[in-house]
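Note that our numbering has the sequence shown beginning at 59, numbered continuously upward.
Accompanying notes for the structure given below.
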Amino acid sequence: MASERREFRGRDAEPFFCVASSLSEIDELYVAVLSMDSEEVVAIIEVLSPTNKAPDSTGREDYLRKQREILHSPTHLLEIDLLRGRAHAVAVGREAVLSQTQYDCLISLRRAGNERKSRFAVWALSVRDVLPTITVPLLPGWANVPLDLKAVWNDTYQEGRWERTINYRHTSEPPLSPADTIWADALLREKGLRA
59 MASERREFRG RDAEPFFCVA SSLSEIDELY VAVLSMDSEE VVAIIEVLSP TNKAPDSTGR
119 EDYLRKQREI LHSPTHLLEI DLLRGRAHAV AVGREAVLSQ TQYDCLISLR RAGNERKSRF
179 AVWALSVRDV LPTITVPLLP GWANVPLDLK AVWNDTYQEG RWERTINYRH TSEPPLSPAD
239 TIWADALLRE KGLRA
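In structure tokens:
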């Protein structure tokens, strides 16, 4: 059965429409902690995304601009970067952290009202470390609120059914160190996620 082929006539051709993925807007989610009295933003919790860390991207530029605004405000900033690789985007400088220790993942907390605005509490983690509980500051005179990142991770993993979505047979990107590769392989085998 032969199919008919439409003759190309450029001037009469009807257009069709597409949306360019590089121009599509991506909503970046974050948590804003507000004062119930004044509805003032007290703290921002940011979990960095690949677009926040993509070199020379609009998403990165937007994130860094927002970060600067927060750092020059009376708002606490908690940044959680669990993405290994890509461009550094956490407010505390990469070299400042590397002068103290190596890391795979980075969490930093800048407390507003600190007399030294450039002072950050930093958690530099390896892939083997358990995610910490961070105390999120609120208003002066209020108790800090504990945020158990391990519990949040576990709940998100289970609710999102990531065990069925992620293919654990593949190696990670970027690659782990040889020692961490052996450790991860043993852990995945123990959990029955790799044969």
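Built from N, CA and C at the ideal position, the CB exists for glycine as well.
Asked	Found
Distance CB(L141)-CB(L106) smaller than 8 Å	yes
DSSP state of A242 mapped onto helix, strand, coil	helix
Beta strand (DSSP E) segments (min. 3 residues) lying fully within the segment 87-134	89-92, 99-105
Chain-order list of residues whose beta-carbon lies under 7 Å from that of I128 (same chain, five-residue window excluded)	I102, L135
Neighbourhood of K111 by C-beta, 7 Å cutoff - its chain only, sequence neighbours within 5 removed	R118, L141, R144, A145, A147
Buried or exposed by the 16-neighbour rule on C-beta atoms within 10 Å, applied to L189	buried
Cβ neighbour criterion (16 or more within 10 Å) applied to L234	buried
Whether F178 touches R168 by CB criterion (8 Å)	yes
Environment of L203 [buried if 16+ CB atoms lie within 10 Å]	Position check: residue 203 holds Val in this sequence, whereas Leu was assumed. V203 should be labelled exposed.
Buried/exposed call for P195, threshold 16 Cβ in 10 Å	buried
Residues of its chain near W211, where Cβ-Cβ distance is below 6 Å and the 5 sequence neighbours each way are ignored	L189
Proximity to R247 [Cα-Cα], best of W200, Y226, P236, T191	Y226
P233 - partner residues in DSSP beta bridges	Beta-bridge pairing links P233 to no other residue.
Residues near L207 by beta carbon distance below 8 Å, same chain, minus five either side	I138, I165, L189, P190, T191, I192
Residue range of the unbroken alpha helix (DSSP H) whose run includes T223	220-223
Reduced DSSP category for D139 - H, G, I as helix; E, B as strand; rest coil	strand
Rounded straight-line distance, which links the Cα of R152 to that of Q160	10 Å
From D238, H228, R126, residue whose alpha carbon lies closest to that of A170	R126
Three-state class that DSSP yields for R152 in the structure shown	helix
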